[in-house]
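This report concerns only the one structure given below.
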Amino acid sequence: MKTKGKGKSIILFILCVAGIAFLAFAGFHGLVIGSGANQWEFKSFEKSITKGLDLQGGVTVTMEIQSDKAVAKSDLDKTKEMISLRVNKAGVAETVVTTEGNKRIRVDIPGQYDSKSIVDSLSKTGELSFKDPSGNVLLTGKDVTKASVGNDPNTGQVIIELEFNESGKKKFADATAKLIGQKISIYMDQDELTSPTVQNAIIDGKAQITGNRTVEEATKTASIINAGALPMPVKAVSTQTVGAQLGANALPNALKAGAVGIAIIFLFMILYYRGPGLIACLGLTLFISLVLFTFVGVGVTLTLPGIAALLLTIGMAVDANVLMFERIREELRTGKSVKTAVKAGFHNAMSSIIDSNLTTIISSLVLYFFGSGPVKGFALTLLIGVVLSMFTAIVVVRALMNLAVNMGLLNKPVAFRVKRG
């Protein structure tokens with residue numbers, strides 16, 4: 000039975016190591032499977048993670064809604080959607096549009112350096128229009144009272160519901176009566192939002208736009224229509240330009256610094272803790288890979304402060320491993336067996352690990368909800384890193400240590416640099 004358990008532990012340990020190695024390789028180098036039409040590409044972190052302006056250069060513009068009264072959150076979100084549509088219409092990749100405070104909207108546009116033309120474009124109020132197939136304007140945003148998202152009671156399909164004011168009601172009734180079976184296209188400036196086909200004349204001032212769209216797509220379209228119906232004047236209050244050369248130099252330098260730091264950490268852990276240190280390095284490799292995969296999944300924009308936060312969390316992950324290993328060594332010095340010492344060491348280190356990481360999580364949440372721009376990015380990166388470092392230390396490293404003990408790789412106190420008389 001003991002031999003069978005040892006064999007199972009060896010198999011599981013090898014599978015875990017192979018899985019970690021595969022994730023790290025695929026993430027850092029990418030992977031291409033198949034060829035031609037059947038080709039499937041697993042993009043590397045370099046290609047899939049959005050980089051901030053400080054890493055690739057571009058323009059940051061902070062727009063402020065010009066209003067003496069407090070701006071409602073719904074109006075701020077509508078204006079953000081309108082600006083987002085305008086800035087993305089040229090196909091600029093990786094543009095980030097976020098709200099700051101109650102009146103401001105921050106726009107990060109990588110790879111663009113003509114700040115004047117960008118500011119002029121973003122400062123336009125925007126014009127919503129309804130056009131017939133010939134391009135003639137039938138209604139404008141001033142004729143729309145409200146756009147909302149709902150569900151068709153018969154099909155359950157997501158729909159956009161429109162309500163028009165008195166002038167819009169008459170215009171829309173005349174237009175739909177003439178254009179039955181034809182399309183009425185809705186535009187924001189020159190960008191087409193949707194082109195529904197008129198099914199019948201609509202005389203009550205309430206219309207439904209059907210079609211195969213998700214709730215998110217319908218909500219975005221409705222928000223832009225509302226933004227056109229309630230234009231919010233904006234003004235650029237801050238413009239920053241990061242040169243291409245500065246951005247191009249920043250990323251390689253940051254990566255080199257990170258690689259050197261991680262290499263030193265790995266070397267220290269292996270030399271000082273030997274076998275357990277090697278297992279800690281496996282856990283840290285998985286941790287770094289999981290953090291970067293999470294960045295891709297949640298759409299984190301990586302900046303220099305974000306890289307700093309990532310390196311900080313790597314240090315915290317190492318700290319958790321050091322706490323666990325030192326507790327294990329203390330237990331071994333009392334004369335306990337390796338298996339018992341490992342179990343007790345992890346248990347005793349748990350409260351210290353959770354306490355130290357919990358304070359960092361609280362700090363990250365405060366920075367995220369009350370900070371803005373780079374501070375918010377730093378906080379999000381730090382929060383993701385801390386949570387995943389706890390997972391890898393408490394779950395992954397612990398499991399690998401137990402497997403190593405069961406398979407006989409760490410079955411003597413000397414493997415932990417503990418000598419007994």
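Residue numbers (numbering that gives the first Met the number 0): 0 to 420. All C-beta atoms, glycine included, are put in the ideal place defined by N, C-alpha and C.
For G296, the uninterrupted alpha helix (DSSP H) run begins and ends at 274 to 297, by DSSP. When the Cα atoms are used, K411 and A17 turn out to be separated by approximately 25 Å. Per DSSP, reduced to three states, the secondary structure at E126 is coil, with no helix or strand assignment. Setting aside the 5 residues that flank it on each side, D151 is surrounded in the same chain by I158, each with a C-beta closer than 6 Å to its C-beta; the list follows chain order.
Following the DSSP letters along the chain, one finds G57 inside the beta strand (DSSP E) bounded by residues 57 to 64. Taken in chain order, the complete alpha helix (DSSP H) segments of 4 or more residues contained in the region 132 to 184 are 165 to 177. Three or more pairs of CB atoms, one per stretch, sit closer than 8 Å, so the region 60 to 78 contacts the region 100 to 111. For G370, the CB contacts under 7 Å within the same chain, skipping 5 residues up- and downstream, are A378 in chain order. Ranked by Cα distance from E329, the first of A279, V417, G384, V295 is V417. Under the DSSP assignment, I32 falls in the beta strand (DSSP E) whose first and last residues are 30 to 32. Our two residues, L127 and V374, have alpha carbons roughly 35 Å apart in a direct line. In the three-state reduction of the DSSP assignment, T302 falls in the coil class, being assigned neither a helical nor a strand state. Contact annotation, G257 with L310: C-beta distance approximately 6 Å; criterion of less than 8 Å satisfied. A69 sits in coil when the DSSP states are folded into three classes, being neither helix nor strand. In its chain, beyond the 5 residues on either side, L402 have a beta carbon closer than 8 Å to the beta carbon of L11. If only complete runs of 4 or more residues are kept, the region 301 to 389 shows the alpha helix (DSSP H) at 303 to 332, 337 to 369, in order along the chain. Excluding its 5 nearest sequence neighbours in each direction, Q181 has C-beta neighbours in its own chain below 8 Å: D131, P132, T196, V197, listed in chain order. Its chain contains D76, K77, E80 as the residues whose beta carbon lies nearer than 7 Å to that of S222, once the 5 sequence neighbours on both sides are disregarded; these appear in chain order. Cα atoms of V60 and G140: separation of roughly 26 Å, rounded to the nearest angstrom. Bounds of the beta strand (DSSP E) holding L192 are 190 to 193.
Secondary structure of A20 (DSSP, three-state): helix.
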